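Undergrad: Just dropping this structure here.
Residue numbers (the numbering used here): 41 to 197.
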């Protein structure tokens, strides 16, 4: 529900292909996949090492673009689940107060994002061509007016 609230303006529910929650040792606690068997195979065949979760202490997000057969390109995103201990003294460094409990791994289909990007590129090209066409028409008439004035100067002798 929380993830849906954060991404509702950017992603559709169908774009999220899988979401998995791991504990700090890399053991899968909850997993949900959407789509064909290839997605389930990918998620189950790519376990998360505890060292990868530990590396989230420094790099708060890890992402890579992968390709799943019969699905297409997918952005694989991993974020830490952090517990912040506010009971410690304020003098304590931020890193010492934060404990990584595990991670959330999300797979987002890039098909819709790529389609929107291609649509925007196509619109930009069409707009550019339209502006060039209008500019050429204005230039043609402007040159015609200017040359008419100069040609009339030559005939008045």
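Beta carbons: idealized from backbone N, C-alpha and C, even for Gly.
In this text the structure is predicted, and so the values were computed from the model without any measurement.
Exposed or buried, what is residue 162 when buried is set at 16 or more other beta-carbons lying within 10 Å of its beta-carbon?
TA: As a working mapping, residue 162 is identified with position 122 in the chain shown. When all chains shown are included, residue 162 counts as exposed.
Undergrad: Check whether the stretch 117–128 and the stretch 139–158 touch, using three or more Cβ-Cβ pairs below 8 Å as the test.
TA: Contact holds: three or more Cβ-Cβ distances are below 8 Å.
Undergrad: With three or more C-beta pairs closer than 8 Å as the rule, is the stretch 79–90 touching the stretch 61–69?
TA: With a cut-off of 8 Å, the stretch 79–90 and the stretch 61–69 count as touching, because enough Cβ pairs lie within range.
Undergrad: Tell me the residue span of the beta strand (DSSP E) that contains residue 103.
TA: As a working note, residue 103 is residue 63 in the chain shown. Here the beta strand (DSSP E) through residue 103 covers 102–108.
Undergrad: For residue 190, count neighbouring Cβ atoms within 10 angstroms of its own Cβ and tell me buried if that reaches 16, exposed if not.
TA: Taking the chain shown and counting its residues from 1, one reaches residue 190 at position 150. By the neighbour-count rule (16 or more Cβ atoms within 10 Å), residue 190 is not buried but exposed.
Undergrad: Which residue spans inside the stretch 62–95 form an unbroken alpha helix (DSSP H) run of at least 4?
TA: As far as the stretch 62–95 is concerned, its whole alpha helix (DSSP H) runs of at least 4 residues are 77–85 and 90–95.
Undergrad: Along the chain, where does the beta strand (DSSP E) containing residue 123 start, and where does it finish?
TA: Along the chain shown, one-based indexing puts residue 123 at 83. Element bounds for residue 123: 112–124.
Undergrad: Please name the residue, chosen from 171, 58, 176 and 69, that lies closest to residue 9 on a Cα-to-Cα basis.
TA: The question about residue 9 has no answer, for the chain in this structure spans 41 to 197.
Undergrad: Rounding to the nearest angstrom, what Cα-Cα distance links residue 98 and residue 138 in this structure?
TA: As a first step, residue 98 must be located in the chain shown, where it is residue number 58. As a first step, residue 138 must be located in the chain shown, where it is residue number 98. Approximately 11 Å between the Cα atoms of the pair.
Undergrad: Could you check which residue in 184, 79 and 170 has the C-alpha nearest to that of residue 116?
TA: In the chain shown, counting from the first residue as 1, residue 116 sits at position 76. When each option's Cα is compared against that of residue 116, the closest is 79.
Undergrad: So if DSSP puts residue 149 in a beta bridge, which residue, or which two residues, is it bridged to?
TA: For the purposes of this step, residue 149 is identified with residue 109 of the chain shown, where counting begins at 1. Answer is 114, bridged to residue 149.
Undergrad: In or out: residue 166 buried (at least 16 other Cβ within 10 Å) or exposed?
TA: Within the chain shown, the letter at position 126 stands for residue 166. Burial call: exposed.
Undergrad: Are residue 112 and residue 151 touching if we call contact CB-CB under 8 Å?
TA: As a working note, residue 112 is residue 72 in the chain shown. As a working note, residue 151 is residue 111 in the chain shown. For residue 112 and residue 151, yes; Cβs fall inside 8 Å.
Undergrad: Does the distance from the CB of residue 101 to the CB of residue 114 come in under 8 Å?
TA: The sequence position of residue 101 within the chain shown is 61, counting from 1. The sequence position of residue 114 within the chain shown is 74, counting from 1. No. Outside cutoff.
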